[in-house]
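Since the structure comes first, as structure tokens, the remarks are kept for the end.
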Amino acid sequence: MAEISSPPLNSLGLPLKEYQGGKSTLCEGCGHNMITTQIVQAVWESGIEPHMVAKISGIGCSSKATAYFLGKSWGFNTLHGRAAPVMTGALLANSGLHGILISGDGDSLSIGTNHFVHMVRRNVPAVYVIADNGVYGLTKGQFSATSDIGSALKRGSVNELPPIDPCALAIELGCGFVARSYAGNGKQLKALLRAAMAYGGLAIIDCLSPCVTFNNHETSTRSYRAVSERALSVHDMDFVMASESPTVELAPGESQELTFPDGSTLRLKATETGFDPSSRARSLDAIHDSVEKGVILTGLLYHRPAAATAADFIDLGADPLVGLGAETTRPSREALAAINKEFLAG
Ligand SMILES: Cc1ncc(C[n+]2csc(CCOP(=O)(O)OP(=O)(O)O)c2C)c(N)n1
Ligand code: SF4
Ligand SMILES: [Mg+2]
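Quick note on my numbering: the sequence shown kicks off at 682 and runs consecutively.
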């Protein structure tokens, strides 16, 4: 009789299916589906309890993805461009949760740019994935703020406006973990997602994610073909938790190890680019240079150890607010009277 093999389990003893979500209603072949697959895999491999994740999005095809991963997590598909403030609030209320924000290029860099900018300044400790297809997919393929100059729509109109580069913007604003990946490079994306979850501050991953319906034609600069041809990985990488063994051989002496607060490491070995992600100025130079050369650099583009986060700025304390009783969070009658008196005196 054939043996029935049981599914592999993660460090919590859970099978992958505990981390899956609903069936995707996105177009077949959409890059966003590949991102979803890697999020499921990354959270499972990192052994994070599904109910300890807050997954928050805005509006767009990409923002629908919260329904397709981690069905047992806390999810909120918010308003267009508003995932950042909702994530900020959620993590301040419950600092024990892992935050995964998924948003589109339109959602994050047009209507939501102000919130994106301030989430970076506040260093809200979450993973922020921009599923970047260079168009507004949900509203039928208009150019977005990340569309390249010269990229043409199916019907022929050409984008003349300069794009916003989310990685350069995030580095300039002081984000300490900035990466670019490609939905078609699952191995790299998963390693970056796992490192981002371990980082301890805001980690931004701009993930190029072709839209097969509106931006995958010959004259698009964001088609699967165009991105595959132009993408240049700056590192070979391997994410290793304290309890795991490395899965990738990296030449000793030439590799670099970034260590995160939970003891996990990201092992990096620079490709022929010789890329070192530790200098803001050099990373910005490299990104600007790559645009001139028509190349898309992928990998961890900038890293420094996580600095003070939003919770530190407001002196939130170690215990999540959500777990404190009313006796701690509600001011006493006397305290309220003293505050009111101050206002009246002013
Ligand atoms: C306040 C508001 N303005 C405009 C819209 C229309 N709208 C919905 S999604 C979207 C853009 C989606 O593009 P993107 O964020 O790049 O996601 P994609 O669909 O490409 O994944 C727009 C303009 C809206 N829903 N709400
Ligand atoms: S329209 Fe584009 S972005 Fe939206 S689901 Fe289809 S392929 Fe994906
Ligand atoms: Mg888009």
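Even glycine gets a Cβ: it sits at the ideal position worked out from N, Cα and C.
Report task. Tell me the start and end of each unbroken alpha helix (DSSP H) in the region 692-764 that is at least 4 residues and wholly inside, in chain order. Result -> Listed in chain order, the complete alpha helix (DSSP H) runs (minimum 4 residues) inside the region 692-764 are 712-726.
Query raised in the report: Measuring CA to CA, which of TYR863, LEU883, GLU709, LEU751 is closest to ARG803?
Result: Selected option, being the one with the closest Cα: LEU883.
Query raised in the report: Among VAL816, LEU790, SER832, which residue has its Cα nearest to the Cα of GLU841?
Result: SER832 is the residue among VAL816, LEU790, SER832 whose C-alpha sits nearest the C-alpha of GLU841.
Query raised in the report: With 16 other CB atoms within 10 Å as the buried threshold, where does HIS969 fall?
Result: The residue is exposed, with fewer than 16 neighbouring Cβ atoms inside 10 Å.
Query raised in the report: What residue from GLY818, ILE885, ASP993 has the CA that sits closest to VAL893's CA?
Result: Residue nearest to VAL893 within the set GLY818, ILE885, ASP993 is GLY818 (criterion: CA-CA distance).
Query - Collapsed DSSP secondary structure at GLU1008 in the structure displayed - result: In the structure shown, GLU1008 sits in a helix (DSSP, three-state: H, G or I).
Query - Three-state class that DSSP yields for GLY857 in the structure shown - result: Coil at GLY857, not helix or strand.
Query raised in the report: Which whole-angstrom value describes the C-beta separation of ILE845 and LEU790, a residue pair presumed to lie in contact below a C-beta threshold of 8 angstroms?
Result: Contact holds; Cβ gap of about 5 angstroms.
Query raised in the report: For HIS984, does the three-state DSSP call read helix, strand or coil?
Result: Under the three-state reduction of DSSP output, HIS984 falls in the strand class.
**Report entry** TYR749 beta carbon less than 8 angstroms from that of VAL724
**Finding:** Inclusion of VAL724 and TYR749 in the CB contact set at 8 angstroms is not warranted, their separation being larger than that value.
Query raised in the report: Excluding five sequence neighbours on each side, which residues of the same chain lie with their C-beta closer than 6 angstroms to the C-beta of ILE977?
Result: So the list reads ARG911, ALA912, once near-sequence residues are dropped.
Query raised in the report: Which residue comes first and which comes last in the beta strand (DSSP E) that contains SER783?
Result: Note that residue 783 corresponds to Ile in the displayed sequence, not to Ser. ILE783 -> beta strand (DSSP E) spans 779-785.
Requested in this report: Return the CA-CA distance between ASN775 and GLY752, expressed in angstroms with no decimal places.
Outcome: Spanning the two alpha carbons is a distance of roughly 19 angstroms.
**Report entry** Around ligand 2, Cβ to any heavy atom closer than 5 angstroms, ordered along the chain
**Finding:** Result (chain order): LEU707, CYS708, CYS711, CYS742, GLY818, CYS892, VAL893, THR894.
Query raised in the report: Under 7 angstroms from any heavy atom of ligand 3, does the C-beta of SER744 make it?
Result: SER744 Cβ: outside cutoff for every heavy atom of ligand 3.
Query - PHE994 versus PRO688: straight-line alpha-carbon distance, rounded - result: Here the alpha carbon of PHE994 sits roughly 44 angstroms from the alpha carbon of PRO688.
Query - Local conformation of TYR809 per DSSP, three classes - result: Looking at TYR809 - three-state DSSP - the assignment turns out to be strand.
Query raised in the report: Any idea if ARG1014 is buried or exposed, counting beta-carbon neighbours within 10 angstroms, 16 or more meaning buried?
Result: Around the Cβ of ARG1014, a 10 Å sphere holds fewer than 16 other Cβ atoms; the residue is exposed.
Query raised in the report: Taking the continuous alpha helix (DSSP H) assigned at SER964, which residues delimit it?
Result: It spans 961-974 - the alpha helix (DSSP H) in which SER964 sits, taken as one unbroken run.
Requested in this report: Kindly say whether ALA746, judged by its beta-carbon, lies nearer than 8 angstroms to any beta-carbon of chain C.
Outcome: Although the question refers to chain C, the structure presented lacks it and comprises just one protein chain.
Query raised in the report: Measuring CA to CA, which of ILE885, GLU899, ALA932 is closest to ARG836?
Result: Ranking ILE885, GLU899, ALA932 by Cα distance to ARG836 puts GLU899 first.
Requested in this report: Quick one: using the 10 Å Cβ neighbour count with 16 as the cut-off for buried, is SER945 buried or exposed?
Outcome: Only buried fits SER945, as 16 or more other CB atoms lie within 10 angstroms of its CB.
Query raised in the report: Relative to the alpha-carbon of ALA764, which residue among VAL734, PHE797, PRO696, LEU697 has its alpha-carbon at the smallest distance?
Result: With distances taken between Cα atoms, ALA764 lies closest to PHE797.
Report task. Could you spell out where the alpha helix (DSSP H) holding MET651 opens and where it closes? Result -> Residue 651 is absent from the model: the chain starts at 682 and stops at 1027.
Query raised in the report: Looking at VAL816 and ligand 1, is the gap between the Cβ and the nearest heavy atom below 7 angstroms?
Result: Indeed, a heavy atom of ligand 1 lies less than 7 angstroms from the Cβ.
Query - Straight-line gap, CYS856 to LEU982 (C-alpha atoms, nearest Å) - result: If you take the alpha carbons of CYS856 and LEU982, they lie about 11 angstroms apart.
Requested in this report: Pull up the distance between the alpha-carbon of HIS984 and that of ASP919, whole angstroms please.
Outcome: Near 15 angstroms, if we compare the C-alpha coordinates of ASP919 and HIS984.
Query raised in the report: Which value, in whole angstroms, describes the spacing of the CA atoms of GLN722 and LEU1025?
Result: Taking the straight line joining both Cα atoms gives about 56 angstroms.
**Report entry** Beta-carbon proximity list for SER909, same chain, < 7 angstroms, skipping 5 on both sides
**Finding:** Exclusion of the five residues before and after SER909 leaves GLY865 as the residues of its chain whose Cβ lies within less than 7 angstroms of its Cβ.
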